[in-house]
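Engineer:
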Amino acid sequence: MNQDIRDAHYSLANAYLNAGAHEVAITHFQKALEEDPDFLDGYHALALAYFGAHDVAAAETAVRSALKRDDTYQPARALLAALAPSVLVSAEQSDGSADSPTEAAPSPIDVHQEPKQTVPPPVESENQSETPPPADGERVETDIDKEKERGLAFLGTQQYPQAEAAFKKVIKANPHDPQAHYNLAQTYLETGALTSAKRTVEAALRISPSYAPAVELKKAMTYHIQQEKRQRRQQQLIRYLLPVVLLGVAVFCAIHFGVVSFPFLEKSPPALSIDTSLEDPRNNNGEIDAGETVRLKVTISNRGSAAKHLSVHLTPKTIGGVRYEVPKTPVTVKRNGFHTLRIPFTADKRARTRKVPITIQVLDKNQSVLATTARHLSIKGN
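Sequential numbering from 1119 applies to the sequence shown in the numbering used here.
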């Protein structure tokens, strides 16, 4: 026997049994019993798996296999009593009974023989010893175990009303049994009665605060309840927002396809204007002195819809004795916004004094003029 292999199959089978995969659980219980044919817990668990698969006959066979090896194994006795109560009772009666002696046939009557006087049966005295009945405590304990096994069997086969009734009987007989409260909480949880499940698992923890299954179940229930609350909030949000979204879609479609019109929503073209000023940080005289660099500040304002992919052009393209370069980066001016750019101008040291007219234009991506302005650029030579 390899006990490690046996225990591995047994643990795996219990996991499948708890998950409701009875057929797979049966296979692993059988493999565990192949490793250890005297494994009483394995026979008992195999019987529960068969019962969960609705194979009562196979469940009884597995239980009897356990009792055949140890007729005092209480879990198997309780489960057999739950599966077929009459079978266990008749078996106990047959073990204690003996064949009664066959009565002799009456002999022929002898007419010459004096009749025998009938002797009355002796009267038993009140103090005569009798077989004492089982103690009440033992009977109650057996009944509790039986109901607990029945409840677990019903829970494993998803017969929740029967499981609930069985566990309630156990709790009524022993209100301080944390396992019974835990099993009843499991039953409530399977039927979706979260409030009852929470109340019952808390009762189990009041009896035994460190009872691990109840602690884990409460954690799982708390997470489940939080998830349900979150889902309800999301559903409420969707229920409130859906009409608003549908209304918005309807309005958009109506405007897009021209069914209705809203003047305040109609898209207006860009309305651009240009302002310029000369930034002369050295002399601040509004002129470009020979050998000096100044910057022409260009501010583009927009009172219409947003304008994108704009470019700024300046003419003339060249000015004698003056170097300048217009930024080539596309410009975007938001609705009711503005954009500022600066164009550096540098005069040569031999530049002549004069005034040069310049024109500044703002063009869109199709090279259409959206705004224009003109001014003079004063150059002061040496």
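Backbone N, C-alpha and C define an ideal beta-carbon position, used for all residues, glycine too. All values reported here derive from a predicted model rather than from experimental measurement.
Just how far apart, CA to CA, sit Val-1091 and Ala-1389?
Structural biologist: Outside the displayed span of the chain (1119 to 1500) sits residue 1091, for which this structure offers no information.
Engineer: Specify the secondary structure class of Lys-1290 as computed by DSSP and reduced to three states.
Structural biologist: Three-state DSSP puts Lys-1290 in a helix.
Engineer: Could you check which residue in Ser-1423, Pro-1193, Ser-1395, Asp-1122 has the C-alpha nearest to that of Lys-1452?
Structural biologist: It is Ser-1423.
Engineer: So what's Val-1444 in DSSP terms, helix, strand or just coil?
Structural biologist: Residue state, collapsed to three classes: coil.
Engineer: Determine, using beta-carbon pairs with one atom in the segment 1137 to 1148 and one in the segment 1162 to 1179, whether at least three such pairs fall under 8 Å.
Structural biologist: Enough Cβ pairs lie closer than 8 Å, so yes.
Engineer: Suppose the cutoff is 7 Å on Cβ atoms and the five residues either side in sequence are ignored; what does the same chain contact list for Arg-1493 look like?
Structural biologist: For Arg-1493, where only same-chain residues beyond five positions count, the Cβ hits under 7 Å are Thr-1394, Ile-1476.
Engineer: Could you tell me how far apart the beta carbons of Ala-1281 and Leu-1273 are, in whole angstroms, since I believe they sit closer than 8 Å?
Structural biologist: That belief holds up - the Cβ atoms of Ala-1281 and Leu-1273 are roughly 4 Å apart, short of 8 Å.
Engineer: Closest to Arg-1506 by C-alpha separation, out of Ala-1425, Met-1339, Val-1444, Val-1449, would be which residue?
Structural biologist: For residue 1506 there is no data in the structure shown, the boundaries of the chain being 1119 and 1500.
Engineer: So, helix, strand or coil for Gln-1479, using DSSP?
Structural biologist: Looking at Gln-1479 - three-state DSSP - the assignment turns out to be strand.
Engineer: Consult DSSP for Phe-1147 and reduce its assignment to one of helix, strand or coil.
Structural biologist: Helix.
Engineer: So Ala-1200 and Glu-1152 are supposed to be a Cβ contact under 8 Å. How far apart are they, rounded?
Structural biologist: In fact, because the Cβ distance is near 27 Å, the residues do not count as touching under 8 Å.
Engineer: Grouping DSSP H, G and I as helix and E and B as strand, with all else coil, what is Ala-1489?
Structural biologist: Strand at Ala-1489.
Engineer: Report the three-state DSSP secondary structure of Ala-1465 (helix, strand or coil).
Structural biologist: Note: Ala-1465 maps to strand in three-state DSSP.
Engineer: Per DSSP, what kind of secondary structure is Ala-1408 in: helix, strand or coil?
Structural biologist: Ala-1408 falls in the coil class under three-state DSSP.
Engineer: Which two residues bound the contiguous alpha helix (DSSP H) that contains Ser-1395?
Structural biologist: Per DSSP, Ser-1395 belongs to no alpha helix (DSSP H); it is in the beta strand (DSSP E), 1390 to 1397.
Engineer: For the candidate residues Glu-1334, Leu-1185, Ser-1496, whose alpha-carbon lies nearest to that of Asn-1402?
Structural biologist: Per the Cα distances, Ser-1496.
Engineer: If we define contact as Cβ-Cβ less than 8 Å, is Ala-1281 a contact residue for chain D?
Structural biologist: Although the question refers to chain D, the structure presented lacks it and comprises just one protein chain.
Engineer: Mind checking Ala-1194: buried by the 16 CB within 10 Å criterion, or exposed?
Structural biologist: Flag for Ala-1194 reads buried.
Engineer: From Asp-1295 to Asp-1159, what does the alpha carbon distance come to, in whole angstroms?
Structural biologist: Cα to Cα, Asp-1295 sits roughly 22 Å from Asp-1159.
Engineer: In whole angstroms, give me the CA-to-CA distance for Thr-1305 and Phe-1157.
Structural biologist: If I take the Cα positions, the gap works out to 29 Å.
Engineer: Under a Cβ-count criterion, where at least 16 other Cβ atoms within 10 Å of its own Cβ denotes burial, should Phe-1463 be classed as buried or exposed?
Structural biologist: So Phe-1463 counts as buried.
Engineer: Taking the alpha carbon of Glu-1320 as the point to measure from, which residue in Gly-1310, Glu-1308, Phe-1147, Met-1339 has its own alpha carbon closest?
Structural biologist: Ranking the options by Cα distance to Glu-1320, first place goes to Met-1339.
Engineer: For Lys-1498, list the residues DSSP reports as bridge partners.
Structural biologist: In DSSP, Lys-1498 forms a bridge with Asp-1407.
Engineer: Using a threshold of 8 Å, state whether the C-beta atoms of Lys-1286 and Leu-1302 are closer than that.
Structural biologist: It is a contact, given that the beta carbons lie within the stated cut-off.
Engineer: Using a 10 Å radius around the Cβ and a threshold of 16 neighbouring Cβ atoms, would you call Phe-1370 buried or exposed?
Structural biologist: The residue is exposed, with fewer than 16 neighbouring Cβ atoms inside 10 Å.
Engineer: Based on the DSSP output, what are the partners of Leu-1459 in its beta bridges?
Structural biologist: Its beta-bridge partners are Val-1416.
Engineer: Just to check my reading of the structure: Ala-1467 and Gly-1404 have Cβ atoms closer than 8 Å, yes? What is that Cβ distance to the nearest angstrom?
Structural biologist: Note on identity: in this sequence residue 1467 is Lys, with Ala being the wrong assignment. In fact, because the Cβ distance is near 20 Å, the residues do not count as touching under 8 Å.
Engineer: Could you say which of Val-1449, Ser-1328, Ile-1356, Thr-1309 lies nearest to His-1427 if we only look at CA atoms?
Structural biologist: The shortest C-alpha separation from His-1427 is found at Val-1449.
Engineer: Can you look up Lys-1435 in the DSSP assignment and give me helix, strand or coil?
Structural biologist: Coil at Lys-1435, not helix or strand.
Engineer: Quick one: residues in its chain with C-beta nearer than 7 Å to the C-beta of Gly-1455, no 5 flanking neighbours on either side, listed in chain order?
Structural biologist: Cβ neighbours of Gly-1455 beyond the five flanking positions: Asn-1420.
Engineer: How many angstroms separate the CA atom of Ile-1392 from the CA atom of Pro-1434?
Structural biologist: Near 17 Å, if we compare the C-alpha coordinates of Pro-1434 and Ile-1392.
Engineer: Buried or exposed for Ala-1315, please, with buried defined as at least 16 other CB atoms from any protein chain shown within 10 angstroms of its CB.
Structural biologist: Per the 10 Å Cβ criterion, buried.
Engineer: Can you tell me whether Ala-1199 is helix, strand or coil according to DSSP?
Structural biologist: Three-state DSSP puts Ala-1199 in a helix.
Engineer: For Ser-1129, is the classification buried or exposed, using 16 other Cβ atoms within 10 angstroms of its Cβ as the cut-off for buried?
Structural biologist: The residue in question, Ser-1129, is exposed, as its Cβ has fewer than 16 Cβ neighbours within 10 Å.
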